[in-house]
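Take a look at the structure set out below.
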Amino acid sequence: MQEYIDFAMRHELLVLAWVGLATAVIASAVKARLSPVKQIDNQTAVALINKQDAVVVDVRTQDEFARGHIAGSHHMPLAQIEQGNTTEIDKHKEKPVIVVCETGARAETAGSKLVKAGFQQVYLLRGGLTQWRSSNLPVTKKR
């Protein structure tokens, strides 16, 4: 035990960095578990779309959306959701809603806003459209 104490005394910054990193990892895991917005993989998203009539909400920019999106998805840029303008999908508050962006970062913000707006089943597509495409799942350029 004395060896650990001696090591910690000689390498304070290293020990502090490891403690900080461990705290961040634990906090992130706890936040993910407690969040009402759950991340799902491509397979789960396809099942929700096909079996539970899930609504896909794409929060990317107009240009990103035009380059390709999941068929049937609603285009609602993040700024629109942040302003509380969800009228296009308000009738789907009882259905599963899958929020999609390019990599998942914007979708997380949008997902939290949708939960606050009363949507009950909000999911994030893990890895976003980048992961969707890399799994060779279909995208369309049609509206």
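According to UniProt numbering, the stretch in the sequence shown is residues 1 to 143, in order.
Just so it is clear, CB atoms sit at the ideal spot from N, CA and C, and this is done for glycine as well.
For T140 against H69, the beta-carbon gap comes to about 7 Å, under 8 Å, which counts as contact. Its chain contains P36, V37, V122 as the residues whose beta carbon lies nearer than 7 Å to that of V115, once the 5 sequence neighbours on both sides are disregarded; these appear in chain order. Annotation for K95: no alpha helix (DSSP H) segment contains it, and DSSP assigns it neither H nor E.
The bridge partners DSSP lists for K141 come to none. In this chain, D63 is not harboured by any beta strand (DSSP E); it is covered by the alpha helix (DSSP H) spanning 62 to 66.
In this structure, V59 lies near R106, with their beta-carbon atoms less than 8 Å apart. Of all C-beta pairs linking the region 95 to 109 to the region 13 to 25, fewer than three are shorter than 8 Å, placing the two stretches out of contact. Closest by C-alpha distance to S112, out of L78, A27, V15, E94, is L78. Rounded to the nearest angstrom, the Cβ distance from N42 to Q131 is 7 Å, consistent with a contact under 8 Å.
Nearest to E64 by alpha-carbon distance, out of L129, S134, P138, is L129. Here DSSP, grouped into helix, strand and coil, assigns I40 to strand.
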